[in-house]
Each structure stands twice: as structure tokens, then as C-alpha cells.
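Novice: Our numbering puts the first residue of the sequence shown at 82, with every later residue one more than the last. Virtual Cβ for every residue (Gly too), placed ideally from N, Cα, C. Predicted model, so just to flag it, every value in this text is computed and none were measured. Would you mind keeping the following structure in view while I ask a few things?
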Amino acid sequence: MKLIQFSFKCSRQVPFYAQLCNDYLANEPYEITIGFVKNRYIIEAVGEQAQLEALADKIAHDFLLSIWLLETKVEEISHREGSVVPQVNTSHQLPFCQHCEPLLGDNQSPQFGELSLPCACCHGEKRLPATVSFNQVKAWADDVISNGSVIFTLTNEQGKHQLFQLSTSPVSTSSQKRPQVLVCNPNTVPMHFITPSAHVLALSSLEKPRVTVQPKAQHQQLHAPLYDLCFSYNRVLTVLTEVLRQQGIDYVYLDTNHWQPLITWIENGWSQIDSDPEVSLPVSIKALEPLHDQACINGLNAYWHKRRIHFDHQPKHANDVPANALPICALHGGNIESGNGRNTTVIYFGRYAAGEIVSQDKFTRTDSFLVLPSLPHTGHDIIRAMTDGEQATILAKFKDAQPESYQALSQIDISQCYNQLTGLFAVAATILGLSTSSTNSIQYLNDALIAKALQNSGQKGHRVDYSLDMIDGKRTIEWAKTLGSLMSFRLVVDESELDKLAFGIMDSLADYIANWIERIDETTGVKAVVLAGSDFANEVLTERLSLRVGKNFNITVNRQLELDGSNLSAGALYLKMRRRQ
């Protein structure tokens, strides 16, 4: 008889794993103990060799891959860590699992299309949209096949309406967001997209997230620089995409108000960028007692209860802290998991506040080292400012040599992100000639710059200037000099080397940041650097930061929280400032 422990170490709680632990505790004939210890889900059992091997096979089949899974281990132990107390936080949203998906989602199965098929493991039938039949799904598929698109509405168990538009051609959206693609035939993904192995595994994980990928070079239909890709994530889409796959359709464009979480690869692991609190609330997390009982930012409310931070949705609640305090909130949110608290620095490049680098000393006093520059809101004003400054000569040469790029620059509007990294990178993309139309969105221009940088086969790029400047007593980047540097390169760099220049824009910024953090370390001390903000969805910039900054400093990301969402609300609970009443 042996005592064996099966453990699943995760970067955040996985409610489906917690439910499986409870199922094994309740149903297996062994002396089972379970637990969630040091971020590990554990199942412990005593038995003979053959019995334990059979149990191991069953566990391997049941515990689907999660994007939050870091390590699995099976080992003989001398004493138990678990108990017979059921796990909490088992409320998951999975509509199907490895038991029921092959039955209802495979056209070779006799039960194909049985949307309400009961499942004793995931109970996905309870999350089935009301009044949808197999015949209705086939009719929607026929619309896609015959007319090229279909629009339909699903009503979830909470009574909320989820609108879906599926199309074989790009979907026009007023938001001008990155194109979304729903995969119908997973086997053909490598034919259409460049998908690193980690991204392929994530697509197949139990969370079915969205990942950002490039299309294959010279693809006949995929012309956008980047796409958000996902597999089917509810029973209706699973059956619908299978019907379309049978008809030779590999993927469809998707527009919906029910987005799956978007994730990004940072420091050898996945992080969630943000979420829709109307669709899914973050799982509660353990934390030290904060300074405030409650804090609401952008409709996501964090509150303290029984040694945990919980979340709820309060869409009409005004933000409890001003925008200029959000980077400090991100710092505190990043420190909740690591417990650093002192001598940490946050790099916040996100959508809700000006980009900023904030440090915290050993007395937990915060100080802003750098704020991203506030560019003029329009290209016309950018050109006028450069004409009146030291960059006038290079601007004139750029105008003569690259008239199309100069014209595109004059038409750009960055009024919604003038003090954020996306605004600066959108202008950079335009200077590089990556703008294809005066209607290009900021998202498109950033994607075009990232895609061009991804095409760089080497690890070196041109050295772009990010010199520091002091404006109104705040340290910032001398943006006109940066843009002048880019224009200089554009005059001498061959078109075939634009990928190297795009890469250099991000690699140079990462190198400058590494030097700046060394300066902070000399004055206040830096034990860890927290990355926060939606702009870290840019995996080129993130990778370069990991290499440049990570060479001398520990980089931390609170994977229990989002990069630009729950981390702000949770961090605001620890903010040392008087709150709005």
C-alpha cells in the first residue's frame, strides 16, 4: 500500500479543478484527501499499485489543461497535506468537458447535436442557452454557407442576451477593434496563422481564451496585421462550427458582445489582460487586510471580506480614485500576490491612465519617475510642433522623401490616447509607412507595428532615441526627438529592413527602461518590477522588457488578477490617500 499525491500547481484558482477534487472526494472508493495548498490542487490516495495506476489514468483524463496550470506532479508521500473538507470556489462556467464534448460536438457521434446532453462531470447542460435546437443551429450554419453570414442571439442562464455575428468575410464594426476569428477546423490553424506552441495549447485549454496571432505571410484572405483567435466556447458554437467544418470552412469572423478573455504571454506564463464583469467576475483572492473596505474602478468593485478580496459589478458607481492614481493602484495590485510591498517599481502602460513608471521605497512612499509624454492630439498639431522646434530640418526631409507617410501623419488622430504608449506607437507606425488608410484605427496601427516587429528574424534592431526631458517638473520622454530619430531612420533604411526598425522601436524602449530602473535602484532600491496595463498585450515589447529588465531585476506579474482591470480595483484597496465620498 502506498500513499500517493497528485498535485496541480496553478498561477490562479481554477474552479473546475476544485470541483473535480470534490467529485473525487465524494465518489472514489479510496481513502481520498484533497486540498488547495500553496497554489496546488492536491488529491491523495492510498492503494495498491494497480489501483493507483488506474486512478492516475482517470485523473489524467479528467484534469483538462488549464492556461493557469504551471506544473503537475505525482509522488509518494509519507503524510497527507489534504483533508476531507470539500473545496470552495467551485462555481465554473464550462459548458462542456472531455466527457460530453466528443459526444455532442463530433459529427461521427450518435449524440451529435444534442445540446442539452447531461454531463455528470461539468453539468454543462445547465449553462445551455434557452430554446435553441439542433435544427436551429443547422439553419444558422446554412445561412453562413449560403449567404456568407448569420446573426443570432443566445440568452444565458442569467437572462442576458448574447449577440453573435459569424461571417466568412471580415466583419465591419464601429469600434474598429482587432478582427476576431472563430476556428471551425483546429487542424488547419497552422495553414492560416503563425501560432507558437504555447498559443496552440492555450486555444485548446478548458478556458478557451482568445490569443493574438499573425496570419501567414501572403495569405489570400487574411489581410489584417494581427487577429484574436479562439475555439468554440459554448455548446451552440461547438455544434455550429462542426457543421461548418464538414462543409470545408476552416474559420469564420466573429463579432459578439460576449468576448472570451484575452490573454498574453509574459515571463513564461499567461496573464489575462482584462475581462467583462457583466459576463464573468474574477475569483476572490487571499490578501492581507487593506486600508479600505471597498474600491470601485471602471464598474468593477473590490471589497474585503473574511481575509479575501472579492469582486462584484457596479456599473453606475463612479471611480473611487482619480486616473492619475491608477498606476499606483497597479503597483499595489501587483504586490498583493508577491507580498513585496517595499522597494518595488511598476511600469504601467495601459488604457485608463497616462503611461507611468512609479517606484515605492522601503518606507512604502511612492514617487513617479517618468510619465509618458503628452503628444499633440492630431497629426497636424504634431507636425506644427516639430516644425517650430529642433526637428524642423529632418521633418522637411521626411516630407520630401516620404510624402505618403507624411500625409498619413498629418491625418492621424490620437486624442483618445495622446499620453499613452498606444498613441506614441500609432504615430511611429505611421512614420514607418504602415498606415493603409486615413480611417486606420489606433488598434490597427499598433497591430501593424507589432506584426512588422515580429517579422524581424534577429534579436537586434535600430537604436531609437528615447531621451528624457523635464516638463512641468515631471520627467518624461522628449517625444519630438524620438519621432525625429524615427524619421531619420526612415530616410536611410531600406524597405526590406523596416521590420528591424519596428523591432528597434520596442527593443530600444525596453533598453532605456532598464537603464531608468537602474537609476531608481541607485536612489531608492528595487527588489522587483511589476508589469501592468493592457499595452503589455504587445508580446514583442514584453519579451524585450523581460530580457532587458529581467537581466538585473525580478519581474513580477500578479496572474491572479488582470493586467488592466481587477488589479486596479484590488490595488486601490491599499491606496494611501483620502477617498472620494
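(1) Can you tell me whether arginine 389 is buried or exposed? The criterion is at least 16 other CB atoms within 10 Å of its CB, across all chains shown.
(2) Between isoleucine 366 and the rest of its own chain, which residues show a CB-CB distance below 6 Å, the 5 nearest in sequence each way excluded?
(3) Beta-carbon within less than 8 Å of glycine 240's beta-carbon, same chain only, minus the 5 sequence neighbours each way: which residues are those?
(4) Just to confirm the assignment: which complete beta strand (DSSP E) runs, minimum length 3, are found wholly within the stretch 516-592?
(5) Hey, is the stretch 186-196 in contact with the stretch 165-174, meaning 3+ C-beta pairs nearer than 8 Å?
(6) Would the stretch 336-352 count as touching the stretch 622-635 if we require 3 or more Cβ pairs under 8 Å?
(7) So the beta strand (DSSP E) cysteine 669 belongs to, where does it begin and stop?
(8) Nearest CA to the CA of serine 253: which residue from Asn521, Tyr593, Asn639, Ala298?
(9) Is aspartate 336 helix, strand or coil when you go by DSSP?
(10) Just to confirm the assignment, what range does the beta strand (DSSP E) spanning tyrosine 499 have?
(11) With distance defined between alpha-carbon atoms, name the residue in Arg121, Asn216, Ala99, Thr468 nearest to lysine 562.
(12) Compute the distance between the beta-carbons of aspartate 592 and serine 566, then report whether it is under 7 Å.
(13) Which partner residues of serine 352 appear in the DSSP bridge assignment?
(14) What is the C-beta distance between glutamine 501 and alanine 435, in whole angstroms, given that I count them as a contact (C-beta under 8 Å)?
(15) What's the gap between the Cα of valine 355 and the Cα of glycine 128?
(16) For valine 574, which of Glu620, Arg600, Ile512 has the nearest alpha-carbon?
(17) For serine 214, I'd like the list of residues in its chain whose CB is within less than 8 Å of its CB, leaving aside the five on either flank, ordered along the chain.
(18) Residue range of the beta strand (DSSP E) that lysine 83 falls in?
(19) With a 10 Å radius around its C-beta and 16 neighbouring C-beta atoms as the bar for buried, classify glutamate 182 as buried or exposed.
(20) Beta strand (DSSP E) containing alanine 613: first to last residue?
(21) Are leucine 664 and glutamine 261 touching if we call contact CB-CB under 7 Å?
(22) In the DSSP output, what is tryptophan 385 paired with across the bridge?
(23) Am I right that leucine 263 and leucine 318 are in contact with their C-beta atoms under 8 Å? What's the rounded C-beta distance?
(24) Specify, as a first and last residue, the run of the beta strand (DSSP E) that aspartate 309 falls within.
(25) Taking the C-alpha atoms as reference points, what is the distance between glutamine 662 and alanine 466?
(26) Identify every run of the beta strand (DSSP E) within the stretch 407-460, keeping only runs that are complete inside it and at least 3 residues long; order them along the chain.
(27) Jot down the residue ranges of each uninterrupted beta strand (DSSP E) in the stretch 160-204, minimum 3 residues, whole runs only, in chain order.
(28) The alpha helix (DSSP H) with asparagine 237 in it runs from where to where?
(29) Can you find at least 3 beta carbon pairs, one from the stretch 479-493 and one from the stretch 456-463, that sit closer than 8 Å?
(30) State the DSSP-derived secondary structure class of proline 296, mapped to helix, strand or coil.
(31) For threonine 517, count neighbouring C-beta atoms within 10 Å of its own C-beta (all shown protein chains included) and say buried if the count is 16 or more, exposed if not.
(32) Report yes or no: do the stretch 601-610 and the stretch 423-443 share at least 3 C-beta pairs separated by less than 8 Å?
(33) Which two residues bound the contiguous beta strand (DSSP E) that contains lysine 632?
(34) Provide the residue(s) that pair with phenylalanine 274 in DSSP beta bridges, ordered along the chain.
(35) Using the three-state DSSP reduction, which class does phenylalanine 117 fall into: helix, strand or coil?
(36) Let's see if you can read the secondary structure: which residues bound the alpha helix (DSSP H) around threonine 319?
Specialist: This is what the structure holds:
(1) Result: exposed.
(2) So the qualifying residues of the chain are Ile390, Gln641.
(3) Cβ neighbours of glycine 240 beyond the five flanking positions: none.
(4) Listed in chain order, the complete beta strand (DSSP E) runs (minimum 3 residues) inside the stretch 516-592 are 549-552, 555-558.
(5) Fewer than three Cβ pairs drawn from the stretch 186-196 and the stretch 165-174 lie within less than 8 Å of each other, which leaves the two stretches out of contact.
(6) At 8 Å Cβ cutoff, the stretches touch.
(7) No information on residue 669 is available, as it lies outside the stretch 82 to 662 that the chain covers here.
(8) Measuring from the Cα of serine 253, the nearest candidate turns out to be Asn521.
(9) Here DSSP, grouped into helix, strand and coil, assigns aspartate 336 to strand.
(10) Premise fails: tyrosine 499 is in no beta strand (DSSP E) and is neither H nor E.
(11) The shortest Cα separation from lysine 562 among Arg121, Asn216, Ala99, Thr468 belongs to Thr468.
(12) No, they are not a contact pair.
(13) Serine 352 is bridged to Thr345.
(14) About 7 Å separates the two Cβ atoms, so the contact holds.
(15) Strictly speaking, residue 355 in this sequence is aspartate, with valine absent from that position. Looking at the two C-alpha atoms, the distance is approximately 44 Å.
(16) For the residues Glu620, Arg600, Ile512, the minimum Cα distance to valine 574 belongs to Ile512.
(17) Residues of the same chain with a CB within less than 8 Å of the CB of serine 214, apart from the 5 flanking positions on each side, are Leu196 in chain order.
(18) It spans 83-91 - the beta strand (DSSP E) in which lysine 83 sits, taken as one unbroken run.
(19) Per the 10 Å Cβ criterion, buried.
(20) First-last of the beta strand (DSSP E) with alanine 613: 609-613.
(21) Outside the modelled stretch of the chain, which goes from 82 to 662, sits residue 664, for which no answer is possible.
(22) In the DSSP output, where bridge partners are listed per residue, tryptophan 385 has Ile390.
(23) With a contact defined as Cβ atoms closer than 8 Å, leucine 263 and leucine 318 qualify at about 7 Å.
(24) 308-311 is the extent of the beta strand (DSSP E) around aspartate 309.
(25) The predicted position of glutamine 662 is uncertain, since its pLDDT is 46 and thus under 50; a value taken from the coordinates is nonetheless stated next. Rounded to whole angstroms, glutamine 662 to alanine 466 spans 41 Å at the Cα level.
(26) The stretch 407-460 contains these whole beta strand (DSSP E) runs: 425-429, 437-441, 447-452.
(27) With a minimum length of 3 residues, no continuous beta strand (DSSP E) run stays inside the stretch 160-204.
(28) Counting along the chain, asparagine 237 sits inside no alpha helix (DSSP H), nor does DSSP assign it H or E at all.
(29) The stretch 479-493, when compared against the stretch 456-463, does touch it at the 8 Å Cβ threshold.
(30) Strand, per DSSP.
(31) With fewer than 16 Cβ atoms within 10 Å of its Cβ, threonine 517 is classed as exposed.
(32) As far as the Cβ criterion goes, the stretch 601-610 touches the stretch 423-443, which means the pair count is three or higher.
(33) For lysine 632, there is no enclosing beta strand (DSSP E), as DSSP marks it with neither H nor E.
(34) Phenylalanine 274 is bridged to Pro296.
(35) Of the three classes helix, strand and coil, the one that applies to phenylalanine 117 here is strand, per DSSP.
(36) Under the DSSP assignment, threonine 319 falls in the alpha helix (DSSP H) whose first and last residues are 316-327.
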